[in-house]
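Visitor: Those sequence lines, one after another, are chains A and B. Numbering-wise (my numbering), the first sequence opens with residue 1 and increments by one. Numbering-wise (my numbering), the second sequence opens with residue 233 and increments by one. Where is the CB? At the ideal position from N, CA and C, for every residue including glycine. All values derive from a computational prediction rather than experimental measurement. Right, I'll just put the structure down here and ask away after.
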Amino acid sequence: MKGSDNQEKLVYQIIEDAGNKGIWSRDIRYKSNLPLTEINKILKNLESKKLIKAVKSVAASKKKVYMLYNLQPDRSVTGGAWYSDQDFESEFVEVLNQQCFKFLQSKAETARESKQNPMIQRNSSFASSHEVWKYICELGISKVELSMEDIETILNTLIYDGKVEMTIIAAKEGTVGSVDGHMKLYRAVNPIIPPTGLVRAPCGLCPVFDDCHEGGEISPSNCIYMTEWLEF
Amino acid sequence: MTQAEIKLCSLLLQEHFGEIVEKIGVRLIRTGSQPLRVIAHDTGTSLDQVKKALCVLAQHNLVSYQVHKRGVVEYEAQCSRVLRMLRYPRYIYTTKTLYSDTGELIVEELLLNGKLTMSAVVKKVADRLTETMEDGKTMDYAEVSNTFVRLADTHFVQRCPSVPTTENSDPGPPPPAPTLVINEKDMYLVPKLSLIGKGKRRRSSDEDAAGEPKAKRPKYTTDNKEPIPDDGIYWQANLDRFHQHFRDQAIVSAVANRMDQTSSEIVRTMLRMSEITTSSSAPFTQPLSSNEIFRSLPVGYNISKQVLDQYLTLLADDPLEFVGKSGDSGGGMYVINLHKALASLATATLESVVQERFGSRCARIFRLVLEKKHIEQKQVEDFAMIPAKEAKDMLYKMLSENFMSLQEIPKTPDHAPSRTFYLYTVNILSAARMLLHRCYKSIANLIERRQFETKENKRLLEKSQRVEAIIASMQATGAEEAQLQEIEEMITAPERQQLETLKRNVNKLDASEIQVDETIFLLESYIECTMKRQ
Numbered sequence: 001m002k003g004s005d006n007q008e009k010l011v012y013q014i015i016e017d018a019g020n021k022g023i024w025s026r027d028i029r030y031k032s033n034l035p036l037t038e039i040n041k042i043l044k045n046l047e048s049k050k051l052i053k054a055v056k057s058v059a060a061s062k063k064k065v066y067m068l069y070n071l072q073p074d075r076s077v078t079g080g081a082w083y084s085d086q087d088f089e090s091e092f093v094e095v096l097n098q099q100c101f102k103f104l105q106s107k108a109e110t111a112r113e114s115k116q117n118p119m120i121q122r123n124s125s126f127a128s129s130h131e132v133w134k135y136i137c138e139l140g141i142s143k144v145e146l147s148m149e150d151i152e153t154i155l156n157t158l159i160y161d162g163k164v165e166m167t168i169i170a171a172k173e174g175t176v177g178s179v180d181g182h183m184k185l186y187r188a189v190n191p192i193i194p195p196t197g198l199v200r201a202p203c204g205l206c207p208v209f210d211d212c213h214e215g216g217e218i219s220p221s222n223c224i225y226m227t228e229w230l231e232f
Numbered sequence: 233m234t235q236a237e238i239k240l241c242s243l244l245l246q247e248h249f250g251e252i253v254e255k256i257g258v259r260l261i262r263t264g265s266q267p268l269r270v271i272a273h274d275t276g277t278s279l280d281q282v283k284k285a286l287c288v289l290a291q292h293n294l295v296s297y298q299v300h301k302r303g304v305v306e307y308e309a310q311c312s313r314v315l316r317m318l319r320y321p322r323y324i325y326t327t328k329t330l331y332s333d334t335g336e337l338i339v340e341e342l343l344l345n346g347k348l349t350m351s352a353v354v355k356k357v358a359d360r361l362t363e364t365m366e367d368g369k370t371m372d373y374a375e376v377s378n379t380f381v382r383l384a385d386t387h388f389v390q391r392c393p394s395v396p397t398t399e400n401s402d403p404g405p406p407p408p409a410p411t412l413v414i415n416e417k418d419m420y421l422v423p424k425l426s427l428i429g430k431g432k433r434r435r436s437s438d439e440d441a442a443g444e445p446k447a448k449r450p451k452y453t454t455d456n457k458e459p460i461p462d463d464g465i466y467w468q469a470n471l472d473r474f475h476q477h478f479r480d481q482a483i484v485s486a487v488a489n490r491m492d493q494t495s496s497e498i499v500r501t502m503l504r505m506s507e508i509t510t511s512s513s514a515p516f517t518q519p520l521s522s523n524e525i526f527r528s529l530p531v532g533y534n535i536s537k538q539v540l541d542q543y544l545t546l547l548a549d550d551p552l553e554f555v556g557k558s559g560d561s562g563g564g565m566y567v568i569n570l571h572k573a574l575a576s577l578a579t580a581t582l583e584s585v586v587q588e589r590f591g592s593r594c595a596r597i598f599r600l601v602l603e604k605k606h607i608e609q610k611q612v613e614d615f616a617m618i619p620a621k622e623a624k625d626m627l628y629k630m631l632s633e634n635f636m637s638l639q640e641i642p643k644t645p646d647h648a649p650s651r652t653f654y655l656y657t658v659n660i661l662s663a664a665r666m667l668l669h670r671c672y673k674s675i676a677n678l679i680e681r682r683q684f685e686t687k688e689n690k691r692l693l694e695k696s697q698r699v700e701a702i703i704a705s706m707q708a709t710g711a712e713e714a715q716l717q718e719i720e721e722m723i724t725a726p727e728r729q730q731l732e733t734l735k736r737n738v739n740k741l742d743a744s745e746i747q748v749d750e751t752i753f754l755l756e757s758y759i760e761c762t763m764k765r766q
């Protein structure tokens, strides 16, 4: 680091201390008490010397955090497995979502067809998060290494889709896939009611429902949605 | 009563009873209870007509009256009862599945006439059934009576409150309006009638009938001369019992969808056993022991006791929480958690509406907020794995349609927006109410469209009716084939097509009304159950 003065050394030290989470330029200013123009000059200098780099944070896309050149940015900055270059990978998440669901569905199917007594049938239709994780890893659809927590977040989205239910059972510490003495089990389920009556009528889905009244411009008598629906 | 409900009531009353009854009925619904003269004055109809309209409404249990002090009688309309008229087809169909054609006709007659004596019902139903049977066969009164008794035993029909017979007659003047009472024990008590007879067939070309002049023949029976044995004992359809049945059906089918057929049969058995013992608004059924359930299973099902126990344990452990275990005596005591079941069904209805209207991603966010109860916007994006911009858009759309609400938690006393937490939450009760209101308006729209379609084609309908009448009369007087052909051709092919389309459309709109009514039933039951608990 020859040729750099004390100020640069100070700034470099601050950035090094921040580790792989990086540090925002305003925080560097607070810590070093140097004026803004000076900081900017030093940062540009260090960057050109390839000692530090700027990484865009996924939380606030305008914010840039600085860290040492050879460090891997932390997950909280890059967003982890679901973000690649600050973009949320929706298709990737969707694909994983569908694959997990298919796996759980086929497991439930085989359990149902085995026609054994109901206890065994139900227990065999469950899959632990560890099993699903292994299946996804073996499928090899992911370029990035996925951990069990990642798979659990995907399975949670399936729960919010209403397609899967989860139970937690107590498991011995040593068993595969158990975390802190319990395991999460997942099972594919069907919805409890078919699509309800209201949505089968055009009024249930109508975007201008509140403006519709007899004698107005939009009324049941001249409703174009109803006309279309009646022609089916 | 909301505007939508009043509009729907007005449409229903008009369709079933006509203009005058509709005017009186809507007036009463709008203004609460009023005496006779005020109604006549405000609606501008003559006293005579108002009396007749109130008679019709009271006969159908749509209006009740009360004697206030100073001898003033006030009439009050039941808006919710008027809305039940939408559900008549469902009641009749349910009776058909349970008690076949005889039961179906009994309930249909009771619903159409409001109140009837048992002998009148039996006679009418026997006549109607006889007409549909083959020549030479008639329907025996005894069979119809048996079905009637069965309906009364399972509480599907009940006695109407009647004037009490006072032991010591009060020498004073009679009250302006009688107070009707009904003893709890007597409500399903069938009077001992020996109704002997057979249904009479209405023959239009019968030689016997043609001989008698029409004026002398009152109806088609000859026992009008004798006094009716059960005069004064009127029967009506017990709508609460039907509602209980629909609720049970919904729970059983939910269990069948989530688990399998056998579990749903077990739940159906449990519900059937608690039909009479549990009141319809109780949150839990009476505890049933597993031994009792085993004994009451339908005959065709031979599953062993252990398998039944396993199924019951599975049902009790299921996250749905429809069945709960309340004790261990008698092999395990199990209850059905009715309130939780209704809440789950109402929630599923809400989720289904959100999914169809806004898409499955929105449904994911909706279920997420439901589960977490209160959640911040940032957390919604993380948990649902939906890009931030889309998640924000969907949350705001659901918020504007009142499916969700915001809870503010300020960090500072001045409630500055930048220093306040905003949490999204779903209040199921208010969302259910909002959806119910939308259902009422939807049905009103469907009815209006149906009336519009019929009115549009009125000319064509009248023409086809005239042609049919001509054909019928010509057939009666024995016309030739060629003449009939000529008359039929008066309706051209495109007109026939139009009639077909009209018929199809009207049927579709009708079916849609019944479907929306199913949603109304689930939401109303949930709201009623929740309000009773509070």
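When you compare only the Cα positions, how much space is there between T453(B) and D472(B)?
Guide: Because the pLDDT of T453(B) is 41, which lies under 50, any placement of that residue in the model is unreliable, and the question is left without a value.
Visitor: 8 Å is my cut-off, CB to CB: does T453(B) come that close to chain A?
Guide: For T453(B), the pLDDT reaches just 41, beneath the cut-off of 50, and the residue's location in the model is therefore unreliable, although a value from the coordinates is still provided. Output row for T453(B): interface = no.
Visitor: Please confirm whether P393(B) and L412(B) have their CB atoms less than 8 Å apart.
Guide: Closer than 8 Å, so yes.
Visitor: Please list, in chain order, all residues of the same chain as L240(B) whose beta carbon is under 7 Å from its beta carbon, the five residues on each side excluded.
Guide: L315, Y672, I675 and A676
Visitor: When Cβ atoms are compared, which residues of the region 564-582 of chain B fall closer than 7 Å to chain A?
Guide: If you check each beta-carbon in the region 564-582 of chain B against every beta-carbon of chain A, the ones closer than 7 Å belong to S576, L577, A580 and T581.
Visitor: Going by DSSP, what residue range makes up the beta strand (DSSP E) through I52(A)?
Guide: I52 to K56
Visitor: I need the straight-line Cα distance from M491(B) to F554(B), nearest angstrom please.
Guide: 12 Å
Visitor: Is M630(B) closer than 8 Å to W467(B) when the C-beta atoms are compared?
Guide: It is not a contact, given that the beta carbons lie outside the stated cut-off.
Visitor: With a 10 Å radius around its C-beta and 16 neighbouring C-beta atoms as the bar for buried, classify Q747(B) as buried or exposed.
Guide: buried
Visitor: Could you tell me how far apart the beta carbons of T501(B) and I535(B) are, in whole angstroms, since I believe they sit closer than 8 Å?
Guide: The beta-carbon distance between T501(B) and I535(B), rounded to whole angstroms, is 11 Å. This is too long to meet the 8 Å contact definition.
Visitor: DSSP has E608(B) in a bridge; who is on the other side?
Guide: L655(B)
Visitor: Using the rule of at least 16 other Cβ atoms within 10 Å of the residue's Cβ for burial, across every protein chain shown, is K451(B) buried or exposed?
Guide: At K451(B), the pLDDT of 40 sits below 50, so the modelled position is not reliable and the matter cannot be decided from this model.
Visitor: Where does S221(A) fall in DSSP's three states?
Guide: If DSSP states are grouped into helix, strand and coil, S221(A) belongs with the helices.
Visitor: Which two residues bound the contiguous beta strand (DSSP E) that contains H182(A)?
Guide: H182 to A188
Visitor: Using the Cα positions of F176(B) and A548(B), report the straight-line distance between them to the nearest angstrom.
Guide: Any property of residue 176(B) remains undetermined from this structure, which presents chain B solely from 233 to 766.
Visitor: Is V484(B) close to chain A, meaning its C-beta is less than 8 Å from at least one C-beta of that chain?
Guide: no
Visitor: Measure the C-alpha to C-alpha separation of W133(A) and N123(A) and round it to an integer number of angstroms.
Guide: CA-CA distance, W133(A) to N123(A), rounds to 19 Å.
Visitor: Measure the Cβ-Cβ separation of Y320(B) and L268(B) and say whether it is below 8 Å.
Guide: no
Visitor: From what residue to what residue does the alpha helix (DSSP H) around A171(A) run?
Guide: For A171(A), there is no enclosing alpha helix (DSSP H), as DSSP marks it with neither H nor E.
Visitor: Going by CA-CA distance only, name the one from E603(B), G591(B) and S522(B) that's closest to S561(B).
Guide: S522(B)
Visitor: Give me the Cβ distance between L294(B) and Q281(B), rounded to the nearest whole Å; I'm assuming they're in contact under 8 Å.
Guide: Not confirmed; about 17 Å, so no contact.
Visitor: Using 8 Å as the threshold, is the C-beta distance between D161(A) and R589(B) below it?
Guide: no
Visitor: Under 8 Å between C-beta atoms, does P619(B) make it to chain A?
Guide: yes
Visitor: Under 8 Å, with one C-beta from each stretch per pair, do the region 189-202 of chain A and the region 574-581 of chain B reach the 3-pair mark?
Guide: yes
Visitor: Give the interface partners of V499(B) over in chain A, defined as CB-CB distance under 8 Å, in chain order.
Guide: Within chain A, no residue comes near V499(B); the closest Cβ sits about 12 Å away, beyond 8 Å.
Visitor: For K107(A), is the classification buried or exposed, using 16 other Cβ atoms within 10 angstroms of its Cβ as the cut-off for buried?
Guide: buried
Visitor: If I'm right that I719(B) touches K695(B) with Cβ under 8 Å, what's the distance once you round it to whole angstroms?
Guide: Contact flag wrong, Cβ pair sits at about 12 Å.
Visitor: With a cut-off of 8 Å, do at least 3 Cβ pairs link the region 100-118 of chain A to the region 148-162 of chain A?
Guide: Yes, the region 100-118 of chain A touches the region 148-162 of chain A.
Visitor: Given this structure, state the Cα-to-Cα distance separating P445(B) from A708(B), to the nearest angstrom.
Guide: Here P445(B) scores only 41 on pLDDT, less than 50, and its place in the model should not be relied on; the value that follows carries that caveat. P445(B) and A708(B): Cα-Cα distance of roughly 19 Å.
Visitor: For chain A, find out if any of its Cβ atoms is closer than 8 Å to the Cβ of K751(B); answer yes or no.
Guide: In the sequence under discussion, the amino acid at residue 751(B) is Thr, which differs from the Lys named in the question. Answer yes: the Cβ-Cβ gap between T751(B) and chain A drops below 8 Å somewhere.
Visitor: For L383(B), I'd like the list of residues in its chain whose CB is within less than 8 Å of its CB, leaving aside the five on either flank, ordered along the chain.
Guide: T327, Y331, G335, I338, V339 and V389
Visitor: Start and end of the beta strand (DSSP E) containing Q116(A)?
Guide: Per DSSP, Q116(A) belongs to no beta strand (DSSP E) and is neither H nor E.
Visitor: When the distance is taken between beta carbons, is L503(B) closer than 8 Å to I568(B)?
Guide: yes
Visitor: Using 8 Å as the limit for Cβ to Cβ distance, is V93(A) near chain B?
Guide: It does: the Cβ of V93(A) has a partner Cβ on chain B nearer than 8 Å.
Visitor: Give me whichever residues DSSP pairs with F516(B) in a beta bridge.
Guide: According to DSSP, which records beta bridges pairwise, F516(B) is partnered with N569(B).
Visitor: Return the Cβ separation of A272(B) and L279(B) in integer angstroms, given the expectation that the two are a contact with Cβ distance under 8 Å.
Guide: 5 Å
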